[in-house]
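Here the numbering used here = 1-based position in the sequence shown + 39.
Virtual Cβ for every residue (Gly too), placed ideally from N, Cα, C.
Please read these numbers as outputs of a predicted model, since none were measured by experiment.
Just below is one structure, and these are the notes that go with it.
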Amino acid sequence: MELNPYGKVPVLVDGEGVIYESAIINEYLEEKYPQVPLMPSDPLRRSRARIWIDYCNTRLQQAAGYIAHDYEVEKSKEKLRGYLETLNNEMRDKHYIVGEYSLADITYIPFFCRLQRYQTSIGDDLPHVKSWMERLLERPMVKSTP
C-alpha cells in the first residue's frame, strides 16, 4: 500500500519513481529502453495494440480473476468463453495480434500460463487463439521463465 494505492503487484521502483499497473510498467520499460521496440511505430497500429492490451486487462483477466476467486464462476466462464471467441476471430490469419510481436502479445502470456487456475482451456475449437498461444509460449524468453 505504501507504493501502490491499489494494493496489488506488480510495482516497479526506478530511482525516485514508482510505477504500477502491468500495462503502464510495460510501456514505461518500452519507452525507457527503445533499442528493444515492443510497440508499433505507426500510431494507428500502436493504438490497436493498446486496445488489445485493454481488452485483456479489463475483460479476459477480470472474468478469469472472478473464476480464480470463486466469484460468479459460471457467469464468468460464459463471459470468458465469449471473450476468447472474439479473440479467436481477431487472430484469424494473424501471427501476432497487431502484426509484429508487441506488448499486446506479451500482455496475454500470463493469462495463457494460468489457464488451469481459470478453469479453462484453449482447444481446437479456438484454433487461431490456440496457435497464437503456442507461438507465444514457445518463445525462448517465455520458456525460460519458471
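Checking 8 Å against the spacing of the C-beta atoms, do L119 and L99 come in under that value?
The Cβ atoms of L119 and L99 sit closer than 8 Å to each other.
Is the beta carbon of P49 less than 8 Å from the beta carbon of I63?
Result no, Cβ atoms of P49 and I63 do not sit closer than 8 Å.
Note down, in chain order, each residue of its chain lying with its Cβ closer than 6 Å to the Cβ of Y135, except the 5 sequence neighbours on either side.
Within the same chain, Y135 has close Cβ partners D144.
From which residue to which residue does the beta strand (DSSP E) around G56 run?
56-59 is the extent of the beta strand (DSSP E) around G56.
How long is the line joining the alpha carbons of V57 and I92, rounded to whole angstroms?
The alpha-carbon of V57 is positioned some 21 Å away from that of I92.
If I'm right that Y157 touches A107 with Cβ under 8 Å, what's the distance once you round it to whole angstroms?
The Cβ separation is near 6 Å, so the contact holds.
Tell me which same chain residues have a C-beta within less than 6 Å of the C-beta of Y67, skipping the five on either side of it?
Cβ neighbours of Y67 beyond the five flanking positions: I58.
Residue ranges of each alpha helix (DSSP H) within the region 149-181, 4 or longer
If you keep only unbroken alpha helix (DSSP H) runs of at least 4 residues inside the region 149-181, you get 166-176.
On a CA-only basis, which of Y45, V75, L123, G104 is nearest D164? Give me that one, please.
L123 is the residue among Y45, V75, L123, G104 whose C-alpha sits nearest the C-alpha of D164.
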